[in-house]
Amino acid sequence: MDINRRNFFKVMGATGATLALGSELQARPKKGADTEFYGVLYDSVRCIGCYNCEYECASAHGLPEPVIPAEDTQVRKPDETWRTVVNGYETSKGKVYVKQQCMHCNEPACAAACLTQAMYKTEEGPVIWRGNKCMGCRYCMVSCPFDSPKFEYFSANPKINKCTMCFEEKVKQGGIPACVEFCSGDALMFGPRRELIKEARRRIAEQPDVYYDHIYGEHEAGGTGWLYLSPVPFEELGLRTGIQRDSYPALTKGFLYSVPTVFIAVPALLLGIQQATSKNQTNPENEDE
Amino acid sequence: MNKTIALTRDNDGRPMWRFLLQELKPKGKLFTPFNIISVPIILLGTALIVYRFIYGIGSITNLSQEVPWGLWIGFDVVTGVAFAGGAYVITFMVYVLNVKKYHSIVRVTVLNGFLAYLFYAGALLLDLGRPWNVINPIIGNSFGVSSVLFLVAWHFLLYMIAQLIEFSPAIAEWLGARRARKILSGMTLAAVIFGITLSMLHQSGLGALFLMAKEKIHPLWYSEFIPVLFLISSIFAGLSMVIFEGSISQRVFFDQINEHHRREHNDIVHSLARICTGAMFVYFFLQLVVLIHGKHWDLLGTRMGAWYLLEMIGFVLLPMLLFYYSYRSRKLLLVRIAAILTMLGVILNRLNVSVIGFRWDMDIHYVPSWQELVVTLTVLFTEIWIFRWVINRMPVLRESPAWARK
Ligand code: SF4
Ligand code: SF4
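Chains A and B are the protein sequences, given in the same order.
Everything in the first sequence is counted per my numbering, starting at 1 for the first residue and increasing by one.
Everything in the second sequence is counted per my numbering, starting at 1 for the first residue and increasing by one.
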């Protein structure tokens, strides 16, 4: 998947849809094609609903402490101050807790949408937001199939807030995300995506009566960095199941690829027509029709 | 003639700055109904814009985390730009097809288009949370080349320059700059060809913006053909705007238009109606193909389905038939009604894709706040003020000065 993505940028650069490709992309040290994205496996069977991850996330990013309602009947959503939330759902197999945050897609719609590369898929896998580039257009929010980026609507200097998999704070230095580190139920696991999928398969195979046979995120939206396991079908946990299996940026590729062609063909065509019509012009007063 | 003198002195030999100062003064009556309505709204809107930059976008809009784009993008930018499509269609006919008939409306259409881009695309800045970073994608320290919005933004910018070049001879005539006029006129064809290409790409690009919001837009409005549909509808959206604007200008700026052009105008309107009929036919047919292709028959029975049928039948099929009938029967009134219906239809369509059909499934729907409406009207009225200012001064509707017509 990561290879596809890189090819996509390469092709874009080669065709030069607009001008030169941002030097940054080319200047980035290329690790081997076997570089693998890191991700997190979240096992809702193991999650005990302690909300530790919410507290640790807030303190790791200097965000206000989460407010956990005594009765967890109402579903909370991540917003501009909470990058992750845990909700309890009454399901056919009893109460199940589910953590929610940005999925860190392999081919993120948000990054493809962003016209300044503020939303950015790092080589390591986390999708991060860079404030010095973002112009606050919110196109990433329009495009993200999971509605992950959140915007500070009541600020004169608004930021986009979403899970960054603790890239700056931990992962870059070789650490692991705060939520994973402090998970008391062993429900979170950080590692190379391929290995996480293997581990998830193993868990399903070992306890087929406990797990619902699907890894959410393996193929959704072209594959995501976060992978979910669940005892029940995922719609019971409020996860979006209408997500397409192809990546979202693929939806605009056709259009973007046609741009260079149009740019060459149309002016040539127009010039040709112009030449033809102006030659036929003998009496400019009564032509047309 | 010495160039510096030509540029610093006007035709009567007065210093240029005094001429410009004089031109800045309002002409005509101050207390017209339009002024009385627009001035308070513009003042209020300006105050709201200041307020928004202090307290954030959420302080005056009803936008939410689920619906990040509202009226300002959906109407000002997406719809406004469609209406500005007249400029590329008319310049195509005049400069590429060499149909001289439309020559008398080229300038006013290009001016209209240019101002529309300046203001409606400019309204985009109001909607940006961090507008100071808008230079990033322009100066090139962060090119998001895989972004449709990047493409659209660049094309807006380049197209505005192209339109300015297309219009610049009128400015030169106003300033009496003969040499500049000659040079600028020589650039028209290149600007036109470049401009048409850019227009085709960003008119469709505005539709392509929504391609990634696949599950968020109501299936009756979402399809992979949005870009093509947006492009084709921009043709009749733009031309309907030209017809509409023309019928108003003919009255408001009556004294500027000479007898010959006035008679010519009816003829122009009828042939524009004909082009509209054709474009709308193609568009309607394509919508039908998309509907069949999408297999969403069941949805037609729902409330959104009825809304969709209203758009397609009431605001595409009906005005198309009216256009058709009007040029056969040569009824001017019918053309105008058809143009207005078409414009309403385009507004409906753009809003249905970008606002009304966007997250149609949510419990709480986005409805623009009154402040959003006032700011939108402010943008619109300011544009009309500038339009009027230019028309009253530069040879747009009226004939070029004798020296330029040679
Ligand atoms: S879930 Fe949304 S915000 Fe997160 S990486 Fe995917 S597209 Fe981007
Ligand atoms: S809001 Fe910022 S991060 Fe999101 S698409 Fe716009 S510029 Fe990129």
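The C-beta atom is built at its ideal place from N, Cα and C for all residues, glycine as well.
Next item on the list: Can you have a look at Phe-418 of chain B and say buried or exposed, based on whether 16 or more other CB atoms are within 10 angstroms of its CB?
Entry: Nothing in the structure corresponds to residue 418 of chain B, since chain B is present only between 1 and 406.
Notebook entry, point to check: Between Arg-5 of chain A and the rest of its own chain, which residues show a CB-CB distance below 6 Å, the 5 nearest in sequence each way excluded?
Noted result: Indexing the first sequence from 1 puts residue 5 of chain A at position 5. Residue confidence is low: Arg-5 of chain A scores 44 on pLDDT, short of 50, so the model does not pin down where it sits. No coordinate-derived value is stated.
Checklist line | Where Ala-27 of chain A falls: helix, strand or coil (DSSP) | finding: If you number the first sequence from 1, residue 27 of chain A lands on position 27. Low confidence applies to Ala-27 of chain A: its pLDDT is 36, below 50, so where it sits in the model is not reliable enough to give any reading.
Next item on the list: Note the first and the last residue of the continuous alpha helix (DSSP H) segment covering Phe-119 of chain B.
Entry: For this step, residue 119 of chain B is matched to residue 119 along the second sequence. Segment: none, Phe-119 of chain B is in no alpha helix (DSSP H) and carries neither H nor E.
Next item on the list: Would you list the one or two residues that DSSP bridges to Met-119 of chain A?
Entry: Indexing the first sequence from 1 puts residue 119 of chain A at position 119. DSSP lists A:Trp-129 as partners of Met-119 of chain A.
Margin query: Please identify the residue among B:Val-390, B:Trp-385, B:Ser-400 and B:Ala-404 whose C-alpha is closest to the C-alpha of Leu-30 of chain B.
Written below: Locating residue 30 of chain B in the second sequence gives position 30, where the first residue counts as 1. Checked all of B:Val-390, B:Trp-385, B:Ser-400 and B:Ala-404; the closest Cα to Leu-30 of chain B is B:Trp-385.
Item checked: Beta-bridge pairing of Asn-87 of chain A - partner residues as DSSP gives them -> Translated into positions along the first sequence, residue 87 of chain A becomes position 87. Answer is A:Val-98.
Notebook entry, point to check: Do you know whose CA, among A:Glu-220, A:Leu-188 and A:Thr-81, lies nearest Leu-63 of chain A's CA?
Noted result: Start at 1 with the first residue of the first sequence, and residue 63 of chain A comes out as number 63. Answer by Cα proximity: A:Thr-81.
Next item on the list: Leaving out five residues on either side along the sequence, give the residues of the same chain with a beta carbon under 8 Å from the beta carbon of Lys-31 of chain A.
Entry: Taking the first residue of the first sequence as 1, we reach residue 31 of chain A at position 31. Confidence is the limiting factor: at Lys-31 of chain A the pLDDT is only 43, short of 50, which leaves the residue's position unreliable, though a coordinate-based value still follows. Contacts found: Glu-123.
Checklist line | Other residues of its chain near Trp-403 of chain B: CB distance less than 7 Å, five sequence neighbours each side excluded | finding: Stepping through the second sequence from its first residue, residue 403 of chain B is reached at position 403. For Trp-403 of chain B, where only same-chain residues beyond five positions count, the Cβ hits under 7 Å are Arg-178.
Margin query: Can you give me the C-alpha to C-alpha distance between Pro-401 of chain B and Ile-273 of chain A, rounded to a whole angstrom?
Written below: Counting from 1 along the second sequence, the entry for residue 401 of chain B is found at position 401. Counting from 1 along the first sequence, the entry for residue 273 of chain A is found at position 273. Across the structure, Pro-401 of chain B and Ile-273 of chain A are spaced so that their CA atoms are roughly 31 Å apart.
Next item on the list: Determine, using beta carbons only, whether Gln-203 of chain B comes closer than 8 Å to chain A.
Entry: Taking the first residue of the second sequence as 1, we reach residue 203 of chain B at position 203. Using a Cβ-Cβ cut-off of 8 Å, Gln-203 of chain B does not count as an interface residue toward chain A, since no Cβ of chain A sits closer than that to its own.
Notebook entry, point to check: Cβ of Cys-139 of chain A versus every heavy atom of ligand 2: is any distance shorter than 7 Å?
Noted result: Position 139 of the first sequence, counting from 1, holds the residue named residue 139 of chain A. What sits at residue 139 of chain A in the sequence shown is Tyr, not Cys. Yes - ligand 2 has a heavy atom lying nearer than 7 Å to the Cβ of Tyr-139 of chain A.
Note to self: At a CB distance below 8 Å, what residues from the stretch 255-267 of chain A approach chain B? Give them in sequence order.
What the structure shows: Phe-255, Leu-256, Val-259, Val-262, Phe-263, Val-266 and Pro-267
Margin query: For ligand 2, I want to know if Cys-105 of chain A counts as a neighbour, meaning its beta carbon is within less than 7 Å of at least one of the ligand's heavy atoms.
Written below: Along the first sequence, one-based indexing puts residue 105 of chain A at 105. Cys-105 of chain A Cβ: outside cutoff for every heavy atom of ligand 2.
Next item on the list: Find the residues of chain B that neighbour Thr-91 of chain A, judging by a C-beta separation of less than 9 Å, and give them in chain order.
Entry: The residue you call residue 91 of chain A lines up with position 91 of the first sequence. None at all; the shortest Cβ gap to chain B is about 22 Å.
Check: If we count Cβ pairs, one from each stretch, closer than 8 Å, do we get three or more for the stretch 332-339 of chain B versus the stretch 265-278 of chain B?
Finding: yes
Notebook entry, point to check: Comparing the C-beta of Glu-152 of chain A with each C-beta of chain B, is any distance below 8 Å?
Noted result: For the purposes of this step, residue 152 of chain A is taken as residue 152 along the first sequence, with counting starting at 1. It does; some Cβ of chain B falls within 8 Å.
Check: Should Phe-254 of chain B go down as buried or exposed, given a rule of 16 or more other Cβ atoms within 10 Å for buried?
Finding: As a first step, residue 254 of chain B must be located in the second sequence, where it is residue number 254. Exposed, by the Cβ-count rule.
Next item on the list: Please report the residue range of the alpha helix (DSSP H) in which Leu-272 of chain B lies.
Entry: As a first step, residue 272 of chain B is located in the second sequence; it is residue number 272 there, counting from the start. Element bounds for Leu-272 of chain B: 259-294.
Next item on the list: Please compile the residues from chain A whose C-beta is within a distance smaller than 8 Å of the C-beta of Thr-197 of chain B.
Entry: Reading the second sequence from its first residue, position 197 is the one you call residue 197 of chain B. Ordered by position in chain A, the residues that pass the 8 Å Cβ test against Thr-197 of chain B are Val-262, Phe-263, Val-266, Pro-267 and Leu-270.
Notebook entry, point to check: Can you list the residues of chain A that Gln-65 of chain B reaches, using a CB-CB cut of under 9 Å?
Noted result: Indexing the second sequence from 1 puts residue 65 of chain B at position 65. Near Gln-65 of chain B (Cβ distances below 9 Å), the residues of chain A are Lys-77, Pro-78, Asp-79, Glu-80, Met-141, Asp-147, Pro-149, Lys-150, Phe-151 and Tyr-153.
Check: Mind checking whether Val-45 of chain A and Tyr-211 of chain A have CB atoms under 8 Å apart?
Finding: Within the first sequence, numbered from 1, the residue matching residue 45 of chain A stands at position 45. Within the first sequence, numbered from 1, the residue matching residue 211 of chain A stands at position 211. In this structure, Val-45 of chain A places its C-beta atom within 8 Å of the C-beta atom of Tyr-211 of chain A.
Check: Shortest alpha-carbon distance to Pro-267 of chain A belongs to which of B:Gly-58, B:Leu-198, B:Ser-38 and B:Leu-220?
Finding: Along the first sequence, read from residue 1 onward, the residue named residue 267 of chain A stands at position 267. Of the candidates B:Gly-58, B:Leu-198, B:Ser-38 and B:Leu-220, the one whose C-alpha sits nearest the C-alpha of Pro-267 of chain A is B:Leu-198.
Check: What residues from the stretch 20-53 of chain B come within 7 Å of chain A, judged by C-beta to C-beta, listed N to C?
Finding: Cβ contacts with chain A: Phe-53.
Notebook entry, point to check: To which residues of the same chain is Arg-398 of chain B closer than 6 Å at the C-beta, ignoring the five residues directly before and after it?
Noted result: Working through the second sequence from its first residue, we reach residue 398 of chain B at position 398. So the list reads Gln-256, once near-sequence residues are dropped.
Item checked: C-beta contact flag for Phe-244 of chain B and Ile-340 of chain B at 8 Å -> Position 244 of the second sequence, counted from the first residue, corresponds to residue 244 of chain B. Position 340 of the second sequence, counted from the first residue, corresponds to residue 340 of chain B. Cβ atoms of Phe-244 of chain B and Ile-340 of chain B: closer than 8 Å.
Check: Got a sec: does ligand 1 put a non-hydrogen atom nearer than 7 Å to the Cβ of Ala-276 of chain A?
Finding: Taking the first residue of the first sequence as 1, we reach residue 276 of chain A at position 276. Flag unset: Cβ of Ala-276 of chain A not near ligand 1.
Check: Span of the beta strand (DSSP E) holding Trp-226 of chain A?
Finding: Mapped onto the first sequence, residue 226 of chain A falls at position 226. Counting along the chain, the beta strand (DSSP E) containing Trp-226 of chain A begins and ends at 226-229.
Next item on the list: Could you check if Asp-186 of chain A is buried or exposed, using at least 16 other CB atoms within 10 Å of its CB as the buried criterion?
Entry: Locating residue 186 of chain A in the first sequence gives position 186, counting from the first residue. Per the 10 Å Cβ criterion, exposed.
Item checked: Short-range partners of chain B found in the stretch 240-253 of chain A, where Cβ spacing is below 8 Å -> Arg-240, Gly-242, Ile-243, Gln-244, Tyr-248, Pro-249, Leu-251 and Thr-252
Checklist line | Nearest-angstrom Cα separation, counted from Ser-240 of chain B out to Tyr-327 of chain B | finding: Here the question's residue 327 of chain B lines up with position 327 in the second sequence. Here the question's residue 240 of chain B lines up with position 240 in the second sequence. Taking the straight line joining both Cα atoms gives about 14 Å.
Margin query: Please tell me whether Leu-231 of chain B and Leu-251 of chain A are closer than 8 Å, where the distance is taken between their beta carbons.
Written below: Locating residue 231 of chain B in the second sequence gives position 231, counting from the first residue. Locating residue 251 of chain A in the first sequence gives position 251, counting from the first residue. Contact: no.
Next item on the list: Return the chain-ordered list of same chain residues with a C-beta closer than 7 Å to the C-beta of Gly-437 of chain B, the five sequence neighbours on each side being excluded.
Entry: Here chain B comprises residues numbered 1 to 406, so residue 437 of chain B is not present and cannot be evaluated.
Check: For the putative contact between Tyr-88 of chain B and Ile-196 of chain B, defined by C-beta atoms under 8 Å, what is the C-beta separation to the nearest angstrom?
Finding: Counted from its first residue, the second sequence places residue 88 of chain B at position 88. Counted from its first residue, the second sequence places residue 196 of chain B at position 196. Confirmed, Cβ separation roughly 5 Å.
Notebook entry, point to check: Taking the alpha helix (DSSP H) that Tyr-325 of chain B falls in, what are its first and last residues?
Noted result: Mapped onto the second sequence, residue 325 of chain B falls at position 325. Segment 318-329, the alpha helix (DSSP H) holding Tyr-325 of chain B.
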